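Shown next, in structure tokens, is the structure this report addresses.
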Amino acid sequence: DARVTQTPRHKVTEMGQEVTMRCQPILGHNTVFWYRQTMMQGLELLAYFRNRAPLDDSGMPKDRFSAEMPDATLATLKIQPSEPRDSAVYFCASGSGQGMADTQYFGPGTRLTVL
Amino acid sequence: GDSVTQMEGPVTLSEEAFLTINCTYTATGYPSLFWYVQYPGEGLQLLLKATKADDKGSNKGFEATYRKETTSFHLEKGSVQVSDSAVYFCALRGYTGNQFYFGTGTSLTVIP
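Sequences listed follow chains L and C, in order.
So the mapping is simple: our numbering equals the position in the first sequence, first residue as 1, plus 73.
So the mapping is simple: our numbering equals the position in the second sequence, first residue as 1, plus 116.
Now the structure itself:
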């Protein structure tokens, strides 16, 4: 049963520290999404990749967040420096790129707490 | 811009009750519509989807019909179970394929 994996599952860090979250999309999927979920804002799309190229990262604070896909099996989301308001659950999802009908398969999330 | 609005929760139902969670959307063109479910401590999972007007998505006893005339995609289930307790998200994918919008989620608790 193919799944999206994310590491770490939980991260507690102090304000100002760098945080890197990793995602392994389902093998063969060519679209990758990063979302942030908070009680106040709900689910927000941060970035969207197709064939490893960023198509939309307008939802991501550019000054501190960066998202990359070094290869087809790894997507990373980095926050530097982290702030308490970044505390949230970060989800990665992948899709097979079937256009409008494309289903997103979500990973279990990384729960980030910035003190 | 495109958006999705779903009914606020939380919703509490007794087992075997009928469930409706309302979802309406605003979009240019013909979006695809989805319902996702999130169980505690897990990521979202696709529950059902519909890609054109009058399509009905169904899965695990849940149904939703894509109604373009009322711009709605309401989720229904005839008889809920305790195991259906979760948060349900309505979602829209814009006609270009590059825009994604999720509703705020509706928490459902089913009591025995």
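Virtual Cβ for every residue (Gly too), placed ideally from N, Cα, C.
This one's a predicted model, so the numbers in the text were calculated from it and none came from an experiment.
Asked	Found
Under 9 Å between C-beta atoms of Ser188/C and Lys165/C	no
Enclosing beta strand (DSSP E) for Ser139/L [first to last residue]	Phe138 to Asp144
Ser131/L versus Leu119/L - alpha carbon distance	7 Å
Val105/L - containing beta strand (DSSP E), residue span	Thr104 to Thr111
Same chain, Cβ closer than 6 Å to Thr181/C, five either side skipped, listed in chain order	Lys172
Rounded separation between Pro81/L and Thr186/C - CA only	43 Å
Element boundaries [beta strand (DSSP E), containing Ile227/C]	Thr222 to Ile227
Counted within 10 angstroms of its Cβ, other Cβ atoms place Ala169/C as buried (16 or more) or exposed	exposed
Buried versus exposed, by CB contacts within 10 Å (16 or more), Thr183/L	buried
contact_flag[the region 120-137 of chain C, the region 98-106 of chain L] where n(CB pairs < 8 Å) is 3 or more	no
Beta carbon proximity, Leu191/C to chain L, threshold 9 Å	no
Reduced DSSP secondary structure (H/G/I, E/B, other) of Arg184/L	strand
Check whether Gly157/C and Tyr211/C have beta carbons under 9 Å apart	no
Neighbourhood of Met142/L by C-beta, 7 Å cutoff - its chain only, sequence neighbours within 5 removed	Val105, Phe122, Arg125 and Ala148
Phe179/L to Lys84/L span [Cα, whole Å]	19 Å
Alpha-carbon to alpha-carbon, Thr222/C and Ile137/C	8 Å
Sub-9 Å separation of Phe139/L and Leu150/L beta-carbons	In the sequence under discussion, the amino acid at residue 139/L is Ser, which differs from the Phe named in the question. For Ser139/L and Leu150/L, yes; Cβs fall inside 9 Å.
Selection from Thr78/L, Arg95/L, Thr111/L and Val77/L that minimises the alpha carbon distance to Pro157/L	Thr111/L
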